[in-house]
Amino acid sequence: MVGTAGAAWRGLRDRLQGAVRRMGQGRANRIRGFADASEGSMHAYSHGDREGRDRLTWWTGTTRGGRPIRFQPSKVWSNPLFDAHGTPIGAIFERDRARVDGHILWAAQETRQADTQVVRVRKGQWGWILSPPEDAPWAEAVRKSGKPPNYFIAHSDNPDSATVSVNRGSKLFPIWVDVDVDGSEFGRMLAAVENSARAIRRNPAGEHVFVMCSSAAPNASTARMAADYLHSTGTVTGNIHAPIDEAVTAAPRGDRMPTWLGVQRPPGSGGKLFETYPGPGNTPAPPEGS
Numbered sequence: 292m293v294g295t296a297g298a299a300w301r302g303l304r305d306r307l308q309g310a311v312r313r314m315g316q317g318r319a320n321r322i323r324g325f326a327d328a329s330e331g332s333m334h335a336y337s338h339g340d341r342e343g344r345d346r347l348t349w350w351t352g353t354t355r356g357g358r359p360i361r362f363q364p365s366k367v368w369s370n371p372l373f374d375a376h377g378t379p380i381g382a383i384f385e386r387d388r389a390r391v392d393g394h395i396l397w398a399a400q401e402t403r404q405a406d407t408q409v410v411r412v413r414k415g416q417w418g419w420i421l422s423p424p425e426d427a428p429w430a431e432a433v434r435k436s437g438k439p440p441n442y443f444i445a446h447s448d449n450p451d452s453a454t455v456s457v458n459r460g461s462k463l464f465p466i467w468v469d470v471d472v473d474g475s476e477f478g479r480m481l482a483a484v485e486n487s488a489r490a491i492r493r494n495p496a497g498e499h500v501f502v503m504c505s506s507a508a509p510n511a512s513t514a515r516m517a518a519d520y521l522h523s524t525g526t527v528t529g530n531i532h533a534p535i536d537e538a539v540t541a542a543p544r545g546d547r548m549p550t551w552l553g554v555q556r557p558p559g560s561g562g563k564l565f566e567t568y569p570g571p572g573n574t575p576a577p578p579e580g581s
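Every position in the sequence shown, counted from 1, becomes a number in the working numbering once 291 is added.
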């Protein structure tokens, strides 16, 4: 899962609505619905929701109880992420309302430290202890292009799957079920679900960051398979990055919203925080700090 300081998420609704008001009417309208919507109506349907295409497309996964399941694209829950200017910069597939509100606010800041820097973190008695920030593997490309990365956030507590929420009921009376999907299926979702596909279309040659715990660990296949799908289909031509350990995003502190992105590493440990899957024709990104 994406780690956060749980108690700090309380009261996010007021902050989120305040941020929306400060964004100005044109930009605010694009995310206002997500600040006010009830959980049952928060999911956003993909292009596949158009009749015909949706009926022809089926994805597969496994329930948390181990039962195989087939479902259509329109049944997958997701929420878009916009920056402070209303530009789509990713999507979140976690359905926990506090986390969704927090990541909407995180993305909507005028600047994000995570666009160019990452931090090593470890658990302390009162929360996360942060090491000094270091350049992210996507920093040079972002500085050169002036375009922020796309961020795709999902729960991942299994080295070979990501978890999404699937509606087994109706739009009016949803029944949400957590479903584990392998990396290839998750890649298909990123390409087809409108909230993520919109961000990819904005900048397919840019940098794309999976905020999915341990999805690129040495024994994991999730990020590698998703990247293989996105690259092999030409959906993404830029680099894709994924954490090798637990991914941690900032929680609000009073009226301030930190925007760091961290990966848990033991004290004193070296090595990289993210694995990079180079886009076609790109050379591998240099190790962090090099």
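We treat Cβ as the ideally placed atom computed from N, Cα and C, and that holds for glycine.
| query | result |
| --- | --- |
| Rounded straight-line distance, which links the Cα of residue 487 to that of residue 385 | 13 Å |
| Cβ neighbours of residue 354 in the same chain (closer than 8 Å, five flanking residues each side left out) | 360, 468, 469, 470 and 471 |
| Residue range of the unbroken beta strand (DSSP E) whose run includes residue 351 | 350-354 |
| Cβ-Cβ separation, residue 564 to residue 535 (assumed contact under 8 Å), whole Å | 7 Å |
| Counted within 10 angstroms of its Cβ, other Cβ atoms place residue 571 as buried (16 or more) or exposed | exposed |
| In chain order, each alpha helix (DSSP H) run of at least 4 residues that lies wholly inside the stretch 440-485 | 474-483 |
| Any 3 or more C-beta pairs closer than 8 Å across the stretch 433-447 and the stretch 496-504 | yes |
| Residues bridged to residue 425 [DSSP beta-bridge criterion] | 409 |
| Cβ neighbour criterion (16 or more within 10 Å) applied to residue 474 | buried |
| CA nearest to the CA of residue 367, picked from 378, 455, 421 and 401 | 455 |
| Distance, residue 541 Cα to residue 417 Cα | 14 Å |
| Separation of residue 518 from residue 568, as counted between CA atoms | 7 Å |
| Same chain only: Cβ atoms within 8 Å of residue 423, ignoring 5 sequence neighbours per side | 410 |
| Exposed unless 16 or more other CB atoms sit within 10 angstroms - verdict on residue 509 | exposed |
| Residue 550 to residue 491 span [Cα, whole Å] | 21 Å |
| For residue 350, the nearest candidate out of 362, 357 and 358 (CA to CA) | 362 |
| DSSP-derived helix/strand/coil call for residue 404 | helix |
| Coarse secondary structure for residue 496, derived from DSSP in three states | coil |
| Distance between beta carbons of residue 379 and residue 556, contact taken as under 8 Å | Incorrect: roughly 31 Å between the Cβ atoms, too far for contact. |
| Contacting residues, own chain, Cβ-Cβ under 7 Å from residue 407 (five flanking each side not counted) | 426, 427, 430, 433 and 434 |
| Contact check, residue 507 vs residue 538, beta carbons under 8 Å | no |
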